[in-house]
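Student:
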Amino acid sequence: MRTRPTLSWTPTGAPLPRTTSLDEVVRVVAAGRVLVLSGAGLSTESGIPDYRGASGSLRKHTPMTYDEFVGGEAGRRRYWARSHLGWRTIARAAPNTGHRAVAELHARGHLCGVITQNVDGLHQAAGTPDVVDLHGSLDRVICLDCGAVSAREDLDRRFRAANPAFEATATRINPDGDVDLPEHEVRSFRLVDCADCGTGVLKPDVVFFGENVPRPRVERCYGLVDAADALLVLGSSLTVMSGLRFVRHAAAAGKPVLIVNQGETRGDVHATVRVDLPLGQALTTLLARL
Numbered sequence: 227m228r229t230r231p232t233l234s235w236t237p238t239g240a241p242l243p244r245t246t247s248l249d250e251v252v253r254v255v256a257a258g259r260v261l262v263l264s265g266a267g268l269s270t271e272s273g274i275p276d277y278r279g280a281s282g283s284l285r286k287h288t289p290m291t292y293d294e295f296v297g298g299e300a301g302r303r304r305y306w307a308r309s310h311l312g313w314r315t316i317a318r319a320a321p322n323t324g325h326r327a328v329a330e331l332h333a334r335g336h337l338c339g340v341i342t343q344n345v346d347g348l349h350q351a352a353g354t355p356d357v358v359d360l361h362g363s364l365d366r367v368i369c370l371d372c373g374a375v376s377a378r379e380d381l382d383r384r385f386r387a388a389n390p391a392f393e394a395t396a397t398r399i400n401p402d403g404d405v406d407l408p409e410h411e412v413r414s415f416r417l418v419d420c421a422d423c424g425t426g427v428l429k430p431d432v433v434f435f436g437e438n439v440p441r442p443r444v445e446r447c448y449g450l451v452d453a454a455d456a457l458l459v460l461g462s463s464l465t466v467m468s469g470l471r472f473v474r475h476a477a478a479a480g481k482p483v484l485i486v487n488q489g490e491t492r493g494d495v496h497a498t499v500r501v502d503l504p505l506g507q508a509l510t511t512l513l514a515r516l
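Residue numbering for the sequence shown follows the working numbering, starting at 227 and increasing by one per position.
1. Within the region 402 to 478, note down every full alpha helix (DSSP H) run reaching 4 residues or more, in order along the chain.
2. What does DSSP give as the partner residue(s) for residue 485 in the beta ladder?
3. Taking the alpha carbon of residue 339 as the reference point, which residue from 240, 474 and 451 has its own alpha carbon closest?
4. Considering just the uninterrupted stretch of the beta strand (DSSP E) at residue 342, what are its terminal residues?
5. Out of curiosity, what's the CA-to-CA distance linking residue 248 and residue 410?
6. If you follow the beta strand (DSSP E) that residue 509 is in, where does it begin and where does it stop?
7. Would you kindly report the start and end of the unbroken beta strand (DSSP E) that includes residue 368?
8. Between the alpha carbons of residue 435 and residue 336, how many angstroms are there, rounded?
9. Going along the chain, which residues of its own chain have a beta-carbon closer than 7 Å to the beta-carbon of residue 227, five neighbours each way excluded?
10. Anyone know if the C-beta pair for residue 360 and residue 343 falls short of 8 Å?
11. Let me check one thing: in DSSP terms, what residues is residue 359 bridge-paired to?
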């Protein structure tokens, strides 16, 4: 079953109070057993823009949907030509101070888990163990026919071999690894089939807009929320239900929900405190105060 993509939401009513004080965050995190739910805002300082911030990519870019990808070769060619360029930027991106702070919070025993809506692998690169990639990861590729999973680096080499004259230049990267690319350059891009079965359609092992997160992964995340004493949301607008449901679940169980994000979020009504600060600054300060 697939759902209609949720690309935006419109706040209703007056904005709820926000603060720049980390006092409540420090108090709750110091007590331990905190689960982190991170979003694209955590990776902006690594050069990967978010979707919905002040300069978010949704203002100029419509992300690939599942139906468009599986609906025909033209959609897949558009995605892979653009993502082939975008992958180079994603692969070069390095964890920022926010990612490193989360890893240190985990190492010190303050966190009981990390769920990320990001597909860039930067939490893992920073050293955080057992991260749940809610929306998958761009470093893996799956065959929609035989189910084989392979490394994105292998596909990148195959694309380079199949498109030796492809010299397009990416002008802007998006959180899903897609870039802006003129249509005439898209049309010249050659696709490749699954190397395992020989004919299968290859898809990045990520959840596209309009595609559901696998149920076992959702249940694992609910289990992490149940086992935690508090939920700390970092850099997510919580626009899509895939992340918002865990905020609602925690709040319904009476657990503190702490949101650190620049701007309003769809989950503000469920939050104990809403901190409006850049993530790198906020998390570095948090570490220093613990």
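Backbone N, C-alpha and C fix where the C-beta goes; we use that ideal spot for every residue, glycine too. Predicted model only: the values in this text are computed from it and were never measured.
Tutor: If we stick to the structure as given:
1. 409 to 413, 441 to 453 and 467 to 478
2. Here residue 485 refers to the residue found at position 259 of the sequence shown. Its beta-bridge partners are 459 and 500.
3. Taking the first residue of the sequence shown as 1, we reach residue 339 at position 113. With distances taken between Cα atoms, residue 339 lies closest to 451.
4. Taking the first residue of the sequence shown as position 1, residue 342 is located at position 116. First-last of the beta strand (DSSP E) with residue 342: 337 to 342.
5. Taking the first residue of the sequence shown as 1, we reach residue 248 at position 22. Taking the first residue of the sequence shown as 1, we reach residue 410 at position 184. For residue 248 and residue 410, the distance between alpha carbons rounds to 50 Å.
6. Along the sequence shown, read from residue 1 onward, the residue named residue 509 stands at position 283. Per DSSP, residue 509 belongs to no beta strand (DSSP E); it is in the alpha helix (DSSP H), 505 to 515.
7. Locating residue 368 in the sequence shown gives position 142, where the first residue counts as 1. Unbroken beta strand (DSSP E) run through residue 368: 362 to 369.
8. Numbered from 1 along the sequence shown, position 209 holds the residue referred to as residue 435. Numbered from 1 along the sequence shown, position 110 holds the residue referred to as residue 336. Approximately 33 Å, taken between the alpha carbons.
9. To locate residue 227, count along the sequence shown from 1; it is residue 1. At residue 227 the pLDDT is 38, less than 50, meaning the model places this residue with poor confidence; the figure from the coordinates comes in the next sentence. Counting only Cβ-Cβ distances below 7 Å, and skipping sequence neighbours, we find 438.
10. Start at 1 with the first residue of the sequence shown, and residue 360 comes out as number 134. Start at 1 with the first residue of the sequence shown, and residue 343 comes out as number 117. Against a cut-off of 8 Å, the Cβ pair of residue 343 and residue 360 comes out as a contact.
11. The residue you call residue 359 lines up with position 133 of the sequence shown. Looking at the DSSP assignment, residue 359 forms a beta bridge with 342.
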